[in-house]
Every structure is written in C-alpha cells, then in structure tokens.
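**Q**
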Amino acid sequence: MATIQVSEAEKVYIMHGVRDDLRVDGRGCEDYRHMEIETDVVSNTDGSAKVRLGLTDILVGIKAEIGRPRPMAPDEGYLEFFVDCSANATPEFEGRGGEELGMELSNSLYKVFNNRHSVDLRSLSICPGEHCWVLYVDVLLLQCDGNLFDAMSISIKAALFNTRIPRVHISEDEEGGKEIELSDDPYDCMRLNVENVPCIVTLSKIGHRHVVDATLQEKACSVASLLISVTHRGTVTCVRKLGGGSLDPDSIFEMTETGKRVGKILHGPLMELLQKEESLGKERMKVGFLA
Amino acid sequence: MAGLELLSDQGYRLDGRKATELRKVQARMGVFAQADGSAYMEQGNTKALAVVYGPHEVRGSRSKSLHDRAVINCQYSMATFSTAERKRRPHGDRKSSEMSLHLKQTFEAAVLTQLYPRSQIDIYVKILQSDGGNYSACVNAATLALVDAGIPMRDYVCACTAGFVEDTPLADLCHAEESGGGTTLSLALLPRSENIALVQMDARLHQDHLPALMEAAMEACKGLSKVLDSVVRQHLQEVSVQTRE
C-alpha cells in the first residue's frame, strides 16, 4: 500500500498529540477530514461519484449489464467490484504494482456490499434463473492519503444512490421464448434503495487510543486498524482487522463502539447532501475536476 | 457514407459543428497536491487526467538510465468505465501499450531531456471518459501537467485529430466520426516552430488530399495551443495571487 516514511521523533509527536485528543491537523480523535462529494460526474456510466477526503481522491463508476444470476441465488442480481490502483496515485502502482492492493480492496468491498442486507439484490432480478442485472462497480484511486476504505464506501454509496437502471419489459412469444426489451426513455428507470447500504469506518490504534480517518502519517504510527461497516441504524455488518500488529479484545470492543457511533452519525449528512444535490436537478453546475 | 451522414449538405457535422470547429475545451492545472505536476483536460466529452512525477532517480534497474539525458516513462490507461462497453483491464492491453509508446515519442521530442542526465520523468495519463481523440486529449493534458511540474520544454505540445469526409477535412473528431470508417489523422505539433512531434494515420487516403488534411490538423493544433496558453496564464495568475497574500 502507499506508505510513507515517518521518523521516530515525528511518531512520538503524533502519538502524544493523539493521547491529548489533538491531532497534527487540529482534529479530535473522532473527526473526519474535510470531504467533498459530487455525483453524476462521468456521463457514460449508469451512476458515478467523486469523493475527496483530505487528499484522498476517489472516482467510482457503476455500469449495469445484463447477465446470468448465480445458481445459488437465482432470483437475485449481484455486484462486481474492481479497484484500479492507478499510477496516478503513486508511481509504485505502475504496471502491475497496484494489482495486489486492488485485489485486497475489492475483496473487502465484495464482503461488505454484496449481500442482500446491504443492497436489495432481489430488485436486480429480471427473470429468475435466466437474467439479472449485474452492477459493475469500478473504483478508481486517483490520490492516496490514507483511509481508502471509508472514502471508497462513501463514494460507492453515493454512486449507488446516483445509479439509474433502465426498466425492462419482458415479452413472451408463442413458443414460450422470452424477449427482453430495454426502455428507450432515459427517465423510465429504476433506482436502488440505498437506505441500508453501510459505510465503512476504519479505526487505527495509535498508542492507547484509536483515531478515525487516519492520514498516511498517522497510519505509519499505528500498529493495527479495525474496519467496521455500519448501517444508518448503527448495526455492524462487517468487522475486519487490518495491518500487521495485534489488538487486545478490550480495545476491539471499544473501537467497535466508537465505530458504531461515528458511522451512525456519518449516514445522516451524507444522505441529506445527496438528496439536496439531486433536488437541484439540471440547474446544478457540474464541477468535476475543474474546481 | 453508410448509415450516418457525417457532414450535412449545409456543412454541419453530427454534433452541429462546422468542419473546422473544435469541441469545447476546458482544462485545469494542479488538480492533485501529491504529484509534482497534474492537469485535467476535457475536449468535448473526452476527459483525461495527467500526472507527472520527476525528474527523479531512475527507479528499478539502473541499466535503463541514460548518461546524457533523462528517460521519459509514460503509462496510458483507461478507466474501466470510460467506454460505452465496460473494459476488463485498465491497461496492459496492446492498444494502451502502443499509446504509451506514442506518448513517450511525442514528449521525447518536446521535453529538454538533456538537462537531466541519469534521471527519469514519469508521465501517467488516464482517460476517464472516452469520446474520440483519446491520444490528443492525453497529449494536451500531459503538456499542462509538465508545465505544472516546471519541466522545461521546447514549446507546448498540442495534439488534435482530423478526418476526411466528402472532400472536406474535419477537425477534432468525436467517437461517432472516428468509428465511421473514414480516415483519421492524429497529429502532435510544436506550434511555434511548426515542427511535428508525432503523426499517425490509419486507413487509406489519396495522396493529393494529404496536405489539406495535415493543414487542417495543424490549424486545429494551433487553435488548441492558444487555449492551453490561456489556461497556463490563468493558473499562474491564480497561484501568484494566492502566494502574494
């Protein structure tokens, strides 16, 4: 992963700051950095979102394609994740350098998002056992400054909110063969219910405390992190320990509590923002990378 | 022309442009803080991001380094969602390797590499949305990113495509025009000296038409160079105001 070198003195400085609940950039232990969210930035996708969290920059594009449902769940569609660690983020990712990290990230996203409790997969079904919608969620890392998971989950939630899938009409001919017709009208579309889509909160243990939204510098000081995915009700849907060090059960319990609290608070403003942005409709100035 | 009428009798193209008209160009420099130089470029619906790292020590094997000039290392990739049909891999296929090579050649002609012996300059470009003229959008974005990184160049490198339909050269083709089956000429120009950094043409064309097509592409490149220049000047103005305060 994109990492930086931090000297011992700097580490001590950062750790003392965290002990006193005042981080290097002036935040408290449970504060996020400044976040910018914009949806509908790539017009040839079915849904897209761009999120900037501090210096971490992420672009998500979702494309819906018709595919065959998985044999285990014939009446459900599914999501496919791909994380592209582009060389734009850091020269380390050039060539095949980013593939390993990309695989690790996409596997975690798959675990968090591709289940019926997070996304209503039944609504993606077209014809049970034969056809379903497959949502290809492609995440593009443009700049890495720590806390990739949180930024990715927020941008995926925003992009899913923005996704519009064309409605299908199934007609049957005399021999019982089915024909799928896509609606031509761009306004005749299906929206996804993103209410239960979780957000990921990554907590990094620094010294005896843990912080939310660690920068690369802070990450270098932390022994291990805990990834917690939380829904808007505060239900924890996935917990994962990341990093090389070990955590004792007590601190895992504490971190889960913090994660639940922070995650629950995160959903409200996010949904409010997305709804406000959508209500502006066509009058909204599209900014993208031009600001 | 089969199917689509690329140029109407009144002289308008599919998207309502005249034959020599360019698409709307918007650009911004200094998009990312971590890279040494970065730029974002929109040409119509084609959107490209370019990032420059360096000049720095040669990474990997030392044998690549040149004793008298800098190595230029380019990587071209396309976002998997950039095209109408989803791509499986962002880079590494034959088309993008070829594109990387073309970009490398283009910028070797423009960057003053002899100022940085035994070092390396990385140029990474990414297409976020593709609607024809990917190569030219990448070159223009990379030029701005190199300027942002403060790497000395002979001149701006401006690139544009041109096509030939019904005896008329068309400047700056969109995807529908490119895939129409006609000739497409990509040209990268150093506008002040009018030297050509790269020229490439697929499909055949009568020799008599070639000068007219080249002329159209060069004219379009010169138009683009004015836009790039204004973007650079505006960026400098903004930055100098910020630093004064």
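Line by line, the protein sequences give chains A and B.
For the record, in the first sequence the residue sitting at position 125 is 128 according to my numbering, with numbers rising by one throughout.
For the record, in the second sequence the residue sitting at position 110 is 330 according to my numbering, with numbers rising by one throughout.
We treat Cβ as the ideally placed atom computed from N, Cα and C, and that holds for glycine.
What you are looking at is a predicted structure, and each value in this text was computed from that prediction instead of being measured.
(1) Could you pull the start and end residues of the alpha helix (DSSP H) that residue 21 of chain A belongs to?
(2) Note down the Cα distance separating residue 282 of chain A from residue 43 of chain A, rounded to an integer number of angstroms.
(3) List, from N- to C-terminal side, the alpha helix (DSSP H) runs of 4 residues or more that fit wholly inside the stretch 349–409 of chain B.
(4) Would you mind telling me which residues of chain A sit closer than 9 Å to residue 282 of chain B, beta carbon to beta carbon, in chain order?
(5) Thinking residue 348 of chain B and residue 299 of chain B are a contact (beta carbons under 8 Å), I'd like their distance in whole angstroms, please.
(6) Using a Cβ-Cβ cutoff of less than 6 Å, which residues in the same chain neighbour residue 294 of chain B once the five nearest sequence positions on both sides are dropped?
(7) Output needed for residue 382 of chain B: all residues of its chain with C-beta closer than 6 Å, excluding positions within five of it in sequence on either side, in chain order.
(8) Starting from residue 157 of chain A and walking both ways along the alpha helix (DSSP H), at which residues does that stretch end?
(9) From residue 232 of chain B to residue 393 of chain B, what does the alpha carbon distance come to, in whole angstroms?
(10) Rounded C-beta distance between residue 52 of chain A and residue 161 of chain A? I'm assuming under 8 Å.
(11) In whole angstroms, give me the CA-to-CA distance for residue 254 of chain B and residue 150 of chain A.
(12) With residue 136 of chain A and residue 80 of chain A assumed to form a contact (beta carbons below 8 Å), what rounded beta-carbon distance in angstroms separates them?
(13) Let me confirm a value: residue 221 of chain B is counted as buried when at least 16 other C-beta atoms fall within 10 Å, else exposed. Which label applies?
(14) Using the Cβ count rule (16 or more neighbours within 10 Å means buried), how would you classify residue 354 of chain B?
(15) Could you tell me the boundaries of the beta strand (DSSP E) in which residue 194 of chain A lies?
(16) Please classify residue 221 of chain B: does DSSP put it in a helix, a strand, or coil?
(17) Determine the extent of the beta strand (DSSP E) in which residue 173 of chain A is found, giving its start and end residues.
(18) DSSP on residue 230 of chain A, reduced to helix/strand/coil?
(19) State the Cα-Cα distance for the pair residue 326 of chain B and residue 168 of chain A, rounded to the nearest angstrom.
(20) Does chain A have any CB closer than 8 Å to the CB of residue 411 of chain B?
(21) For residue 271 of chain B, decide whether its Cβ has a neighbour in chain A, counting only Cβ atoms nearer than 8 Å.
(22) Just the Cα atoms here: how many angstroms apart are residue 274 of chain B and residue 290 of chain B?
(23) Per DSSP, which one or two residues make a beta bridge with residue 263 of chain B?
(24) Any C-beta of chain A within less than 9 Å: which residues of the stretch 346–378 of chain B qualify?
(25) Measuring only between beta-carbons, confirm whether residue 68 of chain A sits less than 8 Å from chain B.
(26) May I have a chain-ordered list of the alpha helix (DSSP H) segments no shorter than 4 residues that lie completely inside the stretch 78–136 of chain A?
(27) Quick one, which of B:316, B:363, B:306 and B:424 has its alpha-carbon nearest residue 328 of chain B's?
(28) Where does residue 442 of chain B sit, in a helix, a strand or coil, going by DSSP?
(29) Less than 8 Å separating the beta-carbons of residue 243 of chain B and residue 264 of chain B?
(30) Return the chain-ordered ranges of every alpha helix (DSSP H) run that is complete within the stretch 205–249 of chain A and spans a minimum of 4 residues.
(31) In or out: residue 463 of chain B buried (at least 16 other Cβ within 10 Å) or exposed?
(32) With 8 Å set as the bound, which would you pick, yes or no: does the beta-carbon of residue 138 of chain A sit closer than that to a beta-carbon of chain B?
(33) Consult DSSP for residue 38 of chain A and reduce its assignment to one of helix, strand or coil.
(34) Taking 8 Å as the threshold, find out whether the stretch 217–237 of chain A comes into contact with the stretch 20–38 of chain A through three or more Cβ pairs.
(35) Going by alpha carbons, who is nearest to residue 431 of chain B out of B:373, B:257 and B:407?
(36) Is residue 254 of chain A near the ligand ATP, with its Cβ less than 7 Å from a heavy atom?
**A** Put simply:
(1) 11–22
(2) In a straight line, the C-alpha of residue 282 of chain A is about 13 Å away from that of residue 43 of chain A.
(3) 354–369 and 395–398
(4) In chain order: nothing, as chain A lies at least about 17 Å away.
(5) 5 Å
(6) 320, 323, 324 and 343
(7) 389, 391, 405, 433, 436 and 437
(8) Start and end: 151–165.
(9) For residue 232 of chain B and residue 393 of chain B, the distance between alpha carbons rounds to 13 Å.
(10) 4 Å
(11) 16 Å
(12) 4 Å
(13) Because residue 221 of chain B sits at a pLDDT of 45, beneath the cut-off of 50, its placement in the model cannot be relied upon, and the point is left open.
(14) In summary, residue 354 of chain B is buried, with 16 or more beta-carbon neighbours lying within 10 Å of its beta-carbon over all protein chains present.
(15) 192–194
(16) Because residue 221 of chain B carries a pLDDT of 45, less than 50, the predicted location of this residue cannot be relied on, and no value is offered for it.
(17) 171–175
(18) strand
(19) 41 Å
(20) no
(21) yes
(22) 10 Å
(23) B:245 and B:266
(24) 346, 348, 349, 350 and 351
(25) yes
(26) 102–116
(27) B:363
(28) helix
(29) Cβ distance < 8 Å, so residue 243 of chain B and residue 264 of chain B count as in contact.
(30) 219–224
(31) Result: exposed.
(32) Output row for residue 138 of chain A: interface = no.
(33) Annotated three-state conformation of residue 38 of chain A is strand, per DSSP.
(34) yes
(35) B:407
(36) Looking for the ligand ATP in the displayed structure turns up nothing, as the structure carries no ligands at all.
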